[in-house]
Structures are given as structure tokens and as C-alpha cells.
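Below is one structure, written out as C-alpha cells; comments come after it.
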Amino acid sequence: MRTLFFVFLAALSGACGTAAAEPSTSSSPWGPILILAQTEQTGAPALWVHNEQVTAAWVGADERGVHHDARVLSAAASTEATVLPLPPVHPYAQQLYPAADQHSHLLWLDAHENGENRLYSALLTPQLSVQRGPTLITDNETRRYAALPAGNGELIAVWSGGLLAEPSLYLQLIDRAGRPRPATRLTTDADWPALVRANDGTLYVFWLRPSDGSLHQARITDDQLSASQPLDHHPDLQPGDRLQGLHAALDMTHLYLFWNITRVDGSAETGWMTRHLDSIQWSAAAKAGLEQPEGQSAASSVFETGFNSGATIPTQPGTQFLSHVLPLAGQFEVLPLAAQHGDEIVVVYLKGGMVRAYQPITAAQLVGLPALHVDQNRYLYLAWAQPQPAGTARLHLASLRLNTGAWPVSQDN
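Note that this note's numbering has the sequence shown beginning at 1416, numbered continuously upward.
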């Protein structure tokens, strides 16, 4: 994935925009779509939504070189893009997480001075000052990572790294001040970690074993793996195909696992499977897709999502396949996914292990993953990168919350 990122960067041209967010010409059922920035990035910006404030971060590049950029949007005011004083080399895989006192943790992968790839962090204030960082988190070659809030402003991170021939899975805590604790090795022959936590505190971890391509699951208890077992099914990877990532998710009754694949011909697809929380038996792996029943429309929808996201179109599993799937973190009655469907970016709603409804948001052609977040009032926030003919990509943000009249969208030009 890192190679793809750099190839894309090398192919892009033009300076990156850092102007204030502005409404795009695109419309959506959620109202205005904001343009956060124009930059050389394939995936969505990192987002953190808290107390009616959205913090967004992305990788910018201009005559000064490559840099971390960020901005804050809120109902009261929105800031200009800020270049963070975190001099990177080739940063990617940015993510934002909550820290204490309304601060945020920014995580990313980057090249270390010894040539190895490492995980870094920074602690940001609500005004985007860097309180700590860049902080080196991992102490050896780092391939991929997944993280979740651990409570009290701390983070739990699971990352893969070590020997290239046989990577291991490590568990590491980042405290509320952004300082790493010593890492604990969970298992060997493991890569592509995915994390999800249930409301009762159960922490599930998934990974792929490189030696045979099998998927595995376990719980993390007292910093160790428990109830570890292989899964009966795994991604169907053919020679030349590339796995882009694993993502785990929950609703109140089912556990879900998704994987995004780029095929050798360049096409993208998503596979998935599910199981009941009270069972150990997983469904067969399948391509994620939906089908709109005859005669149904958004106006006739009766499916209750439990989110402030507007009307939905009832649907069922089908052969209108999805790609670039990213599920919402957290455990709710309904599980929302952001995905590419045809030439649109959509939000799909699952419940009880089944696809139940979806919402077309706007026309888009994703190259990297979108981002999907929720605030305390259950408004959904969807962000994505839309490639432009000139070579850069526009970073978009959409939410029904932006259309309530409390956010100064029309003034933020």
C-alpha cells in the first residue's frame, strides 16, 4: 500500500490548496458538500468529531515540501488550513483519535532516519498547536497499524512489524500525554491487524497470516490474546491481486469482517463475512453487494437507521457490488458503511448480519478509502478524496449536521 501511495504522489502535479473550506458544486441528500483542501492524497482526510467540532488532517505538499496539514470546523467558526510543525519524510496512513481535555492524537506511518518504517504520533490541542511530537511510537520496522481509544484519553494500538519474512503483531498503549508504553508481542506470522471493541469492553483483533493467507481472530485480555482461532474463510487473492486492508465492525447482534482488494486488472472489490456474537461460526466469504427491490424509492423507506442521516432506500444483498468499504467504529443497533457503488459514494446500513438500506450521497470515483464518523447527536460525517483531472484530489466532507443552519457553510469561502 505504501508503494501505491508513493507512485500516486509521483504521478500527481500542481500545488496543493490550503484555502478555507468552501461549498463544492456537488449536491447531496445531506446538503452542502465542503471542500476541505486540494492535495496530493489518495484517501480521505483523517477526521475526529467531538463537541460539534470537526478536526481534519491530511498530507500536503508544495514548494516547501511535504507536510502535515490540519484544520478545525465548528458551528462557531472554521479555521484556515494549518501546516503542523511535524516535519515528515513520506507520511501516510494518518488517523485522528480523542485524547484528554479535548486534545487529539494524530498517528501516521513514516520513514525513520535508519530507513525503516515506523509509527509516529503527535498530541494536538483544540487550536491545532502541537503539544507533543513528532513522537516515535514503534521501535522497529512497522508495516501497518490499527488503533482505538482506550478511555481517559489513552490509545491502544496494534501494529505489525519486525522481520519482513515473518512479521509479528504487537500491542502498545499510548498514554493521554502522547507517550508510548513498551510494546508487547501478541503473536508471530501476523499482518494486517483490525480492531473493534464492543460496548461491554470486549476487544476483538483480526489478522492475516502471511505464510498461508489464512485469517485469524482473538480477543485481547490483559494485554494478551485469548480465544484465538483461525477462520474457515479468507480473502480470495489471485497472483497480482493486492489486499488493501482488513476492517472489523459490530452491530448489537453480529460481528463483521471486511477486506478491500485491488485486482490485477486494477478493479476494486470488497469481500466480507459475518457471525452472530453468540456463535463461533462465520458465514461464507462473499463479495459485498446490494440490490434495490422493485418499486422501492427513498421516499417510501421505512427502515430506521438510528442515525441523523435522512431517508434511506430499502435494499437487500445483491450483485451491485461495492468497493472501498469502510465501516463506522463503535457498536450501534445498525452498522453504517461508506462505500463506492457504481459511480457514486454511498452509505450502506447493515443490521443483524444483513444489508438493509442505503443512501446515494454524490457522484464520486474513489481511489483510496473514505472516512465515516458520528458525533454525540448521531449525525454522520462522510469524507473522501476525489481525484481531479489536473492530478491532485479534492478532500470532501458531507454531513446532514452541516445543513442544520448552525454551521457557517455559506460564509466559509
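Heads up, the beta-carbon is just placed ideally off N, CA and C, and yes, glycines get one too. All of these numbers come straight from a predicted model, not from anything done at the bench.
Select from F1722, D1606, P1597 and E1569 the residue whose C-alpha is nearest the C-alpha of L1584. Here residue 1584 refers to the residue found at position 169 of the sequence shown. Closest by alpha carbon: D1606.
Hey, how far is the Cα of V1717 from the Cα of Q1731? Walking along the sequence shown from the start, residue 1717 turns up at place 302. Walking along the sequence shown from the start, residue 1731 turns up at place 316. Taking the straight line joining both Cα atoms gives about 14 Å.
Return the residue from the list R1816, R1809, R1771 and W1463 that minimises the CA-CA distance to L1563. In the sequence shown, the residue the question calls residue 1563 occupies position 148. Minimum Cα distance to L1563 is reached at W1463.
Whole angstroms are fine: how far does the CA of W1574 sit from the CA of L1451? In the sequence shown, residue 1451 corresponds to position 36, counting from 1. In the sequence shown, residue 1574 corresponds to position 159, counting from 1. Looking at the two C-alpha atoms, the distance is approximately 29 Å.
Own chain, CB closer than 8 Å to Q1735, minus 5 neighbours either side, in chain order: Residue numbering aside, residue 1735 sits at position 320 when the sequence shown is read from its first letter. Once the five neighbours on either side are set aside, the close Cβ partners of Q1735 are G1704, L1705, E1706, Q1707, H1756 and G1757.
Less than 7 Å separating the beta-carbons of A1753 and L1787? As a position in the sequence shown, residue 1753 is number 338, starting the count at 1. As a position in the sequence shown, residue 1787 is number 372, starting the count at 1. Against a cut-off of 7 Å, the Cβ pair of L1787 and A1753 comes out as a contact.
Who are I1776's beta bridge partners in DSSP? Along the sequence shown, read from residue 1 onward, the residue named residue 1776 stands at position 361. Note: I1776 sits in no beta bridge, so no partner.
Measure the C-alpha to C-alpha separation of L1539 and A1699 and round it to an integer number of angstroms. Position 124 of the sequence shown, counted from the first residue, corresponds to residue 1539. Position 284 of the sequence shown, counted from the first residue, corresponds to residue 1699. Cα to Cα, the separation comes out at about 43 Å.
Is A1515 helix, strand or coil by DSSP? Locating residue 1515 in the sequence shown gives position 100, where the first residue counts as 1. The answer is helix: DSSP assigns A1515 an H, G or I state.
Taking the straight line between their C-alpha atoms, what separation do you get for Q1696 and H1483? The sequence position of residue 1696 within the sequence shown is 281, counting from 1. The sequence position of residue 1483 within the sequence shown is 68, counting from 1. So the alpha carbons of these two residues sit roughly 43 Å apart.
In terms of residue numbering, what span does the beta strand (DSSP E) encompassing R1533 cover? Within the sequence shown, the letter at position 118 stands for residue 1533. Residues N1532 to L1539.
Compare the C-alpha of R1594 against each of I1571, K1766, R1600 and F1722 and name the closest. Position 179 of the sequence shown, counting from 1, holds the residue named residue 1594. When each option's Cα is compared against that of R1594, the closest is I1571.
Are the Cβ atoms of T1720 and V1763 separated by less than 7 Å? Position 305 of the sequence shown, counted from the start, is the residue given in the question as residue 1720. Position 348 of the sequence shown, counted from the start, is the residue given in the question as residue 1763. It is not a contact, given that the beta carbons lie outside the stated cut-off.
Alpha-carbon to alpha-carbon, V1545 and L1500: By 1-based counting over the sequence shown, the position of residue 1500 is 85. By 1-based counting over the sequence shown, the position of residue 1545 is 130. The sequence given here places Pro at residue 1500; Leu does not occur at that position. Computed Cα separation, rounded: 7 Å.
How big is the Cα-Cα spacing for V1469 and Q1542? Residue numbering aside, residue 1469 sits at position 54 when the sequence shown is read from its first letter. Residue numbering aside, residue 1542 sits at position 127 when the sequence shown is read from its first letter. Distance between the alpha carbons of V1469 and Q1542 is about 12 Å.
Does the distance from the C-beta atom of L1670 to that of R1657 stay below 7 Å? The residue labelled residue 1670 in the question sits at position 255 within the sequence shown. The residue labelled residue 1657 in the question sits at position 242 within the sequence shown. Result no, Cβ atoms of L1670 and R1657 do not sit closer than 7 Å.
Reduced DSSP secondary structure (H/G/I, E/B, other) of L1578: Here residue 1578 refers to the residue found at position 163 of the sequence shown. L1578 falls in the coil class under three-state DSSP.
Where does the unbroken beta strand (DSSP E) through L1784 begin, and where does it stop? Taking the first residue of the sequence shown as 1, we reach residue 1784 at position 369. No beta strand (DSSP E) contains L1784, which DSSP labels as neither H nor E.
Does DSSP put N1466 in a helix, a strand or coil? Numbered from 1 along the sequence shown, position 51 holds the residue referred to as residue 1466. Note: N1466 maps to coil in three-state DSSP.
Buried or exposed by the 16-neighbour rule on C-beta atoms within 10 Å, applied to S1724: By one-based count along the sequence shown, residue 1724 stands at place 309. Looking at its Cβ environment, which holds 16 or more other Cβ atoms inside 10 Å, S1724 is buried.
Near A1713, which residues of its chain fall below 8 Å by C-beta distance, leaving aside the five closest residues on each side in sequence? Against the sequence shown, residue 1713 aligns to sequence position 298. Confidence at A1713 is low in this model, with a pLDDT of 46, below 50, so the placement of that residue should be treated as unreliable; the coordinate-derived value is given next. Answer for A1713: P1444, A1726, T1727, I1728 and Q1774, listed in chain order.
Rounded C-alpha distance that separates A1813 from A1490: For the purposes of this step, residue 1813 is taken as the residue at position 398 of the sequence shown. For the purposes of this step, residue 1490 is taken as the residue at position 75 of the sequence shown. The straight-line gap from Cα to Cα measures roughly 14 Å.
Residue closest to P1503, alpha-carbon to alpha-carbon, out of R1624, L1488 and T1550: Within the sequence shown, numbered from 1, the residue matching residue 1503 stands at position 88. Comparing Cα positions, the closest option is T1550.
Are the Cβ atoms of G1530 and E1556 separated by less than 7 Å? Residue mapping note: residue 1530 aligns to position 115 of the sequence shown, counting from 1. Residue mapping note: residue 1556 aligns to position 141 of the sequence shown, counting from 1. No. Outside cutoff.
Reference P1650, options W1622, D1638, S1641 and T1636, closest by Cα: By one-based count along the sequence shown, residue 1650 stands at place 235. Minimum Cα distance to P1650 is reached at W1622.
Cβ shell of R1600 (< 6 Å), same chain only, five flanking positions each side left out: Numbered from its first residue, the sequence shown carries residue 1600 at position 185. Contacts found: S1583 and Y1585.
Pairing CB atoms from the segment 1794-1803 with CB atoms from the segment 1451-1460, are three or more of them under 8 Å? yes
Hey, quick one: how far does the beta strand (DSSP E) through L1737 stretch, first residue to last? Stepping through the sequence shown from its first residue, residue 1737 is reached at position 322. Per DSSP, L1737 belongs to the beta strand (DSSP E) from Q1731 to P1742.
Under 7 Å between C-beta atoms of P1742 and A1683: One-based indexing of the sequence shown puts residue 1742 at position 327. One-based indexing of the sequence shown puts residue 1683 at position 268. Not in contact: P1742 and A1683 (Cβ atoms no closer than 7 Å).
Alpha carbon to alpha carbon, how far is Q1456 from P1785? Give it in angstroms, no decimals. For the purposes of this step, residue 1785 is taken as residue 370 along the sequence shown, with counting starting at 1. For the purposes of this step, residue 1456 is taken as residue 41 along the sequence shown, with counting starting at 1. One C-alpha to the other measures close to 12 Å.
How many Å lie between N1792 and Q1517 at the Cα? Position 377 of the sequence shown, counted from the first residue, corresponds to residue 1792. Position 102 of the sequence shown, counted from the first residue, corresponds to residue 1517. In a straight line, the C-alpha of N1792 is about 17 Å away from that of Q1517.
Rounded Cβ spacing between Q1780 and M1667 (contact assumed at less than 8 Å): Translated into the one-based positions of the sequence shown, residue 1780 becomes position 365. Translated into the one-based positions of the sequence shown, residue 1667 becomes position 252. Between M1667 and Q1780 the Cβ distance is about 34 Å, and since that is not below 8 Å, they are no contact.
In terms of DSSP beta bridges, what is P1595 paired with? As a working mapping, residue 1595 is identified with position 180 in the sequence shown. According to DSSP, P1595 bridges with I1589.
Whole angstroms is fine: what's the gap from D1627's alpha carbon to E1581's? Within the sequence shown, numbered from 1, the residue matching residue 1627 stands at position 212. Within the sequence shown, numbered from 1, the residue matching residue 1581 stands at position 166. Approximately 12 Å, taken between the alpha carbons.
Let's see if you can read the secondary structure: which residues bound the beta strand (DSSP E) around I1695? Translated into positions along the sequence shown, residue 1695 becomes position 280. Segment: none, I1695 is in no beta strand (DSSP E) and carries neither H nor E.
With a Cβ-Cβ cutoff of 7 Å, do A1565 and P1608 count as a contact? Indexing the sequence shown from 1 puts residue 1565 at position 150. Indexing the sequence shown from 1 puts residue 1608 at position 193. Cβ distance not < 7 Å, so A1565 and P1608 don't count as in contact.
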